[in-house]
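Here's the structure, in structure tokens; my notes come after.
Numbering (the working numbering), first residue to last: 1078 to 1353.
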């Protein structure tokens, strides 16, 4: 059988990104969501750029760990609902939800899990992390939060499902239920008390704390660390559940409630849900 080599080419790293800042220092990659004007909410093109970063981290043999944070006062406000509502008002799907789009990937494709990244990530949660922002923070194996940051879900507030099954495997079940069913909030101190984050620090010490943890990771065997992350991912994975969750998410997204939620958000009013 023929053997082919595909060595990593540094020239192919993501460049000229519009929605994400991507940097490397030593063995650490830094991924900063850079849409502060919308509190780092994610849309189709931001998902695409994040995916490029995760793929590059996976491929670069000199990168052992990544740090993920947000520009400005928020970590990530979740999905860009105004972007969604604008497309729905035109009778269109957003590009990542449109099977005819070249960047189609239901759910966005911008999470580390979407590329099966087996290198550790540290989320430096500088502000609130909501919806897919919470999902992203939880897909990082290690987490540091600023004292005034908080976690939330909010999907059902806008007539969507998201990925509640991931919250139920990553969080205490009562906490996950509070976030997904009640749209409650979890403070940094509460997250630390429940073992959801590793450290809570003042805002101006956040990146330093994340870098200290990154340095600890870099002291270990990269091969052993990557194997450990792979088992971490596998221990929480349930393919049948994930496939069913994606089916339900799509079904709800294209329901009347899936259209009413973003419309009400854009119009700054209470939604009128379907009663069935």
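By construction, the Cβ of each residue, glycine as well, lies at the ideal position given by its N, Cα and C atoms.
Cβ-based burial, residue i [other Cβ within 10 Å; buried from 16]
i: residue 1130; result: buried
i: residue 1217; result: buried
i: residue 1116; result: buried
i: residue 1127; result: buried
i: residue 1321; result: exposed
i: residue 1156; result: buried
i: residue 1300; result: exposed
i: residue 1154; result: buried
i: residue 1258; result: exposed
i: residue 1169; result: exposed
i: residue 1325; result: exposed
Local conformation of residue i per DSSP, three classes
i: residue 1317; result: helix
i: residue 1131; result: helix
i: residue 1183; result: coil
i: residue 1171; result: coil
i: residue 1147; result: strand
i: residue 1083; result: coil
i: residue 1098; result: strand
i: residue 1118; result: coil
i: residue 1226; result: coil
i: residue 1312; result: helix
i: residue 1246; result: helix
i: residue 1330; result: helix
i: residue 1233; result: helix
i: residue 1109; result: strand
i: residue 1194; result: coil
i: residue 1278; result: strand
i: residue 1209; result: helix
i: residue 1347; result: coil
i: residue 1153; result: strand
i: residue 1158; result: helix
i: residue 1221; result: strand
i: residue 1142; result: strand
i: residue 1262; result: strand
i: residue 1306; result: helix
Residue from the options with nearest C-alpha to residue i
i: residue 1187; options: 1158, 1196, 1197, 1173; result: 1173
i: residue 1101; options: 1133, 1280, 1286; result: 1133
i: residue 1088; options: 1110, 1137, 1321, 1295; result: 1137
i: residue 1190; options: 1336, 1338, 1308; result: 1308
i: residue 1150; options: 1222, 1085, 1312; result: 1222
i: residue 1261; options: 1171, 1233, 1204; result: 1233
i: residue 1219; options: 1257, 1294, 1226, 1325; result: 1294
i: residue 1351; options: 1334, 1341, 1344, 1345; result: 1334
i: residue 1085; options: 1135, 1229, 1203, 1345; result: 1135
i: residue 1198; options: 1230, 1146, 1184; result: 1146
i: residue 1310; options: 1099, 1095, 1183, 1192; result: 1192
i: residue 1144; options: 1213, 1200, 1204, 1319; result: 1200
i: residue 1212; options: 1242, 1296, 1255, 1269; result: 1242
i: residue 1107; options: 1287, 1317, 1302, 1345; result: 1287
Contact belief for residue i with residue j at Cβ below 8 Å, rounded distance in angstroms
i: residue 1224; j: residue 1165; result: With a Cβ gap of about 37 Å, residue 1224 and residue 1165 do not count as contacting.
i: residue 1104; j: residue 1141; result: 4 Å
i: residue 1162; j: residue 1339; result: 4 Å
i: residue 1152; j: residue 1226; result: 7 Å
i: residue 1306; j: residue 1196; result: 6 Å
i: residue 1229; j: residue 1205; result: 7 Å
i: residue 1277; j: residue 1266; result: 6 Å
Quiz item: Between the segment 1238–1246 and the segment 1326–1338, do at least 3 Cβ pairs fall closer than 8 Å?
Solution: yes
Quiz prompt | Touching by the beta-carbon criterion (3+ pairs, under 8 Å), the segment 1165–1178 and the segment 1106–1122 | solution = yes
Exercise. Indicate whether the contact test is met: 3 or more Cβ pairs, each with one atom in the segment 1245–1252 and one in the segment 1263–1276, closer than 8 Å.
Key: yes
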